[in-house]
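Engineer: Residue numbers (the working numbering): 7 to 194. Ideal Cβ positions, reconstructed from N, Cα and C, are used throughout, including at glycine. I have a structure here, written as structure tokens, and I will follow up with some questions on it.
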Ligand SMILES: [Fe+2]
């Protein structure tokens, strides 16, 4: 994850020049070994950058299989082109449920990728706003993976471990922050 080659390729994927006209390098964010034992729960469909509370685009997540991962082993699925939708909100620690339920057009208009079948060493990379999730691990094998990620060097308010993640934020309430305009459903 610290090699020049990997850093250069990851920076090209972000393409932040398009946004600001300047070249902003990436910073190592976090890496971890992930184990999903047999029967482990699936992942609610979410966007990583929204969960983390990153204050800008540019976060990248690499997910590398350490052992074969079949579709039944909680293999991730991605909503095609969903990173272009921008932040859709954090869903962890939330009674509103996952993004596919909140935004049905993610599936009907953009479509879900097939579950990926990884061989050891296979790796996917997804944008911080790519909507993704997966089913529970219904096999008798553990899912082993190695996750590492990068974030733009100037990302603020969060270093990957501080307790200020997006999913820990609370909604504004009607008492202190009343709604000023309700959608006119007849015209909508
Ligand atoms: Fe994720």
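(1) Quick one: which unbroken beta strand (DSSP E) runs of 3-plus residues sit fully inside the stretch 39 to 82? Chain order, please.
(2) Give a single yes or no on whether residue 133 has its beta carbon closer than 7 angstroms to a heavy atom of ligand 1.
(3) Could you have a look at residue 20 and say whether DSSP puts it in helix, strand or coil?
(4) Quick check on the burial criterion: 16 or more other C-beta atoms within 10 angstroms. Buried or exposed for residue 4?
(5) Identify whether residue 89 lies in helix, strand or coil by the three-state DSSP scheme.
(6) Can you determine whether any heavy atom of ligand 1 sits closer than 7 angstroms to the C-beta of residue 100, and answer yes or no?
(7) Distance, Cα to Cα, residue 94 vs residue 60?
(8) What first and last residue would you give for the alpha helix (DSSP H) that runs through residue 106?
(9) Tell me whether the stretch 73 to 87 and the stretch 42 to 53 touch, counting them as touching only if at least three CB pairs, one residue from each stretch, are closer than 8 angstroms.
(10) Does the stretch 95 to 105 come within contact of the stretch 142 to 160, defined as at least 3 CB pairs closer than 8 angstroms?
(11) Comparing alpha-carbon positions, which option in 140, 29, 136, 131 lies nearest residue 120?
(12) Just list the residues that DSSP pairs residue 131 with in beta bridges.
(13) Could you pull the start and end residues of the beta strand (DSSP E) that residue 151 belongs to?
(14) Could you tell me if residue 66 is buried or exposed, where buried requires 16 or more neighbouring beta carbons within 10 angstroms of its beta carbon?
(15) With 16 as the cutoff for other CB atoms within 10 Å, does residue 92 come out buried or exposed?
(16) Using beta-carbon positions only, say whether residue 98 and residue 52 come within less than 8 angstroms of one another.
(17) I believe residue 31 touches residue 17 by the beta-carbon criterion, under 8 angstroms. Please report the beta-carbon distance rounded to the nearest angstrom.
(18) So, for residue 175: in the same chain, excluding its five sequence neighbours on each side, which residues have a beta-carbon less than 8 angstroms away from its beta-carbon?
Structural biologist: Checking against the coordinates, here is how it stands:
(1) 49 to 52, 66 to 71
(2) Residue numbering aside, residue 133 sits at position 127 when the chain shown is read from its first letter. No; taking the cut-off as 7 angstroms, the Cβ of residue 133 has no heavy atom of ligand 1 nearer than that.
(3) Walking along the chain shown from the start, residue 20 turns up at place 14. Helix.
(4) Outside the shown range of the chain, which is 7 to 194, sits residue 4, and nothing can be said about it.
(5) Working through the chain shown from its first residue, we reach residue 89 at position 83. If DSSP states are grouped into helix, strand and coil, residue 89 belongs with the helices.
(6) In the chain shown, the residue the question calls residue 100 occupies position 94. No - ligand 1 has no heavy atom lying nearer than 7 angstroms to the Cβ of residue 100.
(7) As a working note, residue 94 is residue 88 in the chain shown. As a working note, residue 60 is residue 54 in the chain shown. Rounded to whole angstroms, residue 94 to residue 60 spans 13 angstroms at the Cα level.
(8) Against the chain shown, residue 106 aligns to sequence position 100. Residues 105 to 108.
(9) yes
(10) no
(11) The count along the chain shown starts at 1 and reaches residue 120 at position 114. Measuring from the Cα of residue 120, the nearest candidate turns out to be 140.
(12) One-based indexing of the chain shown puts residue 131 at position 125. Paired residues: 68.
(13) Here residue 151 is taken as the residue at index 145 of the chain shown, counted from 1. Element bounds for residue 151: 149 to 158.
(14) For the purposes of this step, residue 66 is taken as residue 60 along the chain shown, with counting starting at 1. Buried: at least 16 other Cβ atoms inside 10 Å.
(15) In the chain shown, the residue the question calls residue 92 occupies position 86. With fewer than 16 other Cβ atoms within 10 Å, it is exposed.
(16) Here residue 98 refers to the residue found at position 92 when the chain shown is read from its first residue. Here residue 52 refers to the residue found at position 46 when the chain shown is read from its first residue. Yes; because the gap between Cβ atoms is below 8 angstroms, this pair is in contact.
(17) Walking along the chain shown from the start, residue 31 turns up at place 25. Walking along the chain shown from the start, residue 17 turns up at place 11. The pair is a contact, with the Cβ atoms about 6 angstroms apart (cut-off 8 angstroms).
(18) Residue 175 sits at position 169 when you count from the first residue of the chain shown. Cβ within range, chain order: 59, 96.
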